[in-house]
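Since the structure comes first, as C-alpha cells, the remarks are kept for the end.
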Amino acid sequence: MTFITGNTFRHGIEAINNVTFVPLKGLAEYDPDNLSATFPDRALQPQDETLALWDIEHIFFGALHDQFEVLRDVIESSELRSKRVVVVADWLVTGTLPISLKSPHVRQVPVIAIGHSVYFGLSKDCAPFGMGLPPQSQERNLELNAMTKEMFGKVFAGAKEIMARYECPRGLEHEFVVEDMIYSADRFFQLCVPQLEYPRSDLPPNVEFTGALLGKNDSKREPDWFDSFVRGDDERPLVVVTSGTAASADVGQLIVPTIEACRSLPVRVVVCAVNLHPPKDMQMPENVKIAKWIPFEELFKHASLVVSNGGFGGITQAFAAGVPMVVAGVTEDKMETTARAAMTGAAINLQTQTPSAEQVRQAIETMTSGTSYQEKAFKLKQAYASYDTLGIIESAVRVTAKA
C-alpha cells in the first residue's frame, strides 16, 4: 500500500507496517490547521459563507495539479506499472479528477472516493448544502439548487479552465462543481448511515452508505483520573464536551458555557479539546475534568450525552456509540451537520455558535429527564453496527481491481 498525504501526517503513516509514505508537494502540501501559511490571501477574504467558495476555487482546485502529479508518478512508477492499482481517496482530493475523467495523459485506474463529511450532492428532494434548511417542496428545492449553481458559476468556470490541460473526453459537467467529485468516482462511500442524511430519490448509483470508520488508538495512556472519575462513578450522568481544533481555541463559544451550565448540576463532565486554554480567573468545578486527548471509543461507553460544536466525525462517533447529543455550531459545515443530527431525534440543536450557559443547561436537563433521545441514539447505534465498513471498502477494492 502507498499512502499519499501531507508531511503533517508522515510520522503516523510511517508507523504502519507495509505502508509506503509519499509526500504531497507544492500547493497540495499544506497544514489543514494552518491554511494561511500556504494560502496567505485566505485571511484577506470575508470571513463569512463566501469563504467556502474561495476555498474550493483556490485550495481544492488550486492544489489539483500538484496532487495529480504526485498521484500520476506513483501509479506509473516502475514498482506499480505492471500491477493492478486502485486509488482510494478523500472525496475532496481534486487531483483524482483527470484519472476519473479518463485523461489520455495518465494511466487509467479505478477511483474509490471516501465521503467523510456531510453529503454535498444536490437533489430535488432536499435543500442544497450550505443553507442549513430542512427539505422543502420539490419546486423550492430546485429553485434553491439553481441559486447554488449560479453562485458557483465563477468557481465552475475556473475549474474547467484548470481541467482543460488534461484533455479529458468527458469534462466537468456540474455547475455545483464539487458534484463532479461524487459522480466521477467509480464508487463513492458515504461514511455514515442513511438515517443521518435526508432521504433522496435521486442519489447517484455509485453512492453507497457504509457506516463509520471507528479507528482505535491505544498507544496513548488514559488520564490518571479516568478510572475513578469515568469508570468508577455511575451514579451521576457523564457529560462529554468535545470541540474541533479551531473551535476549542475559543473556549468562550461552547466549552466555558457548558462548564458553567454543569457547575451546579448533579453530573460529571469530561472536556476533550486539543487547544484548550481556560480563562485564568476561572475556577474549575469539582465535577469537571479536562484532557487534550481521550480515546472516544472507551469514553463514550460511559457517556450519558455529548455536547459538541457539531463536527461530522464527532457526531458519527457519538451516534455509533449510541450516545445522544447537544450540538451548537453554525460555521463551516456545522449548519448542515447539526441540522441532520437533530433530524435523527437523538440530538438537540441549539442553532448557534455561542450558546449561553442557560441554553446548554436547559438542553442537558431536557435530555437527562426522559428517555426519548437515548432511545433514538440506541437505534442509531444498531444501524451503525449493521455495517462492516472496512469489509465493504476492502471488498470494493478487490472487486474493482479485478474489473
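Following the working numbering, the numbering of the sequence shown begins with 1152 at its first residue and continues without gaps. Built from N, CA and C at the ideal position, the CB exists for glycine as well.
Do residue i and residue j have their CB atoms nearer than 8 Å?
i	j	result
LEU1347	THR1361	no
THR1522	ALA1363	no
LYS1128	ALA1471	Examination of residue 1128 is not possible in this model, given that the chain is present from 1152 through 1554 alone.
VAL1458	THR1517	no
ILE1445	VAL1477	no
ASP1182	THR1153	no
LEU1248	MET1314	yes
ILE1207	TRP1242	no
LEU1323	ALA1336	no
PHE1463	SER1268	yes
LEU1416	CYS1319	no
GLN1198	TRP1205	no
ILE1155	VAL1170	no
HIS1256	TYR1317	yes
LYS1443	PHE1380	no
THR1393	CYS1413	no
LYS1431	ASN1460	no
ALA1528	ALA1497	yes
If you count every other CB in all the chains shown that lies within 10 Å of the CB of residue i, and 16 or more means buried, which is it?
i	result
SER1399	Here SER1399 scores only 47 on pLDDT, less than 50, and its place in the model is too uncertain to base an answer on.
ARG1338	buried
ARG1512	buried
LEU1541	exposed
ASN1168	exposed
ASN1185	exposed
ASP1331	buried
ALA1536	exposed
ALA1179	buried
ARG1101	Because the chain spans 1152 through 1554 in this model, residue 1101 falls outside it and cannot be assessed.
ARG1387	exposed
THR1495	buried
GLN1404	buried
GLY1556	Here the chain covers residues 1152 to 1554 and nothing more, so residue 1556 does not appear.
GLU1312	exposed
ALA1469	buried
In chain order, what residues of the same chain lie with their CB nearer than 7 Å to the CB of residue i, ignoring the 5 residues before and after it?
i	result
GLY1177	ASP1217
PRO1125	Nothing about residue 1125 can be reported from this structure: the residues present for the chain run from 1152 to 1554 only.
SER1187	ARG1193 and ALA1194
PRO1279	LEU1273, LEU1295, ASN1296 and THR1299
VAL1260	ILE1226, VAL1236, VAL1237, VAL1238 and ILE1250
VAL1244	GLN1218
By DSSP's criteria, residue i is part of a beta bridge. Which residues make up the other side?
i	result
THR1171	THR1153
MET1476	VAL1457 and ALA1498
ASP1192	According to DSSP, which records beta bridges pairwise, ASP1192 is partnered with nothing at all.
GLY1266	GLN1341
ILE1441	VAL1422
THR1393	CYS1423 and SER1459
ASP1241	ILE1265
GLU1560	Residue 1560 is absent from the structure shown; the chain starts at 1152 and stops at 1554.
GLU1359	PHE1340
SER1274	CYS1277
Residues in the same chain with beta-carbon distance under 6 Å from residue i, minus the five sequence neighbours each way, listed in chain order, please.
i	result
GLY1246	LEU1215, GLN1218, PHE1219 and LEU1222
ILE1333	GLY1272 and PHE1339
VAL1239	ILE1263
PRO1454	For the sequence presented, residue 1454 should be read as Ala rather than Pro. If we look at ALA1454 and ignore the five residues flanking it on each side, its Cβ neighbours are LEU1389, VAL1391 and VAL1474.
GLY1281	none
ILE1499	VAL1477 and ALA1514
ALA1534	VAL1344 and GLN1346
ILE1543	THR1361
GLY1213	LEU1178
GLN1287	ALA1278
I think residue i touches residue j, with their Cβ atoms under 8 Å apart; what is that distance to the nearest whole Å?
i	j	result
VAL1390	VAL1418	5 Å
PRO1506	ALA1479	5 Å
CYS1277	ARG1351	7 Å
Within its chain, find whatever has a CB closer than 8 Å to the CB of residue i; leave out the 5 residues flanking it on each side and keep chain order.
i	result
GLU1290	none
VAL1481	GLY1283, THR1489, GLN1502, THR1503 and GLN1504
LEU1231	THR1153 and VAL1225
LEU1293	LYS1275
THR1551	VAL1237, PRO1261, ILE1263, ASP1337 and ARG1338
ALA1493	VAL1478, ILE1499 and ASN1500
What do you reckon, is the C-beta of residue i under 7 Å from a heavy atom of the ligand PLP?
i	result
ALA1497	Judged by which ligands are present, the structure shown has none, so any question about the ligand PLP falls away.
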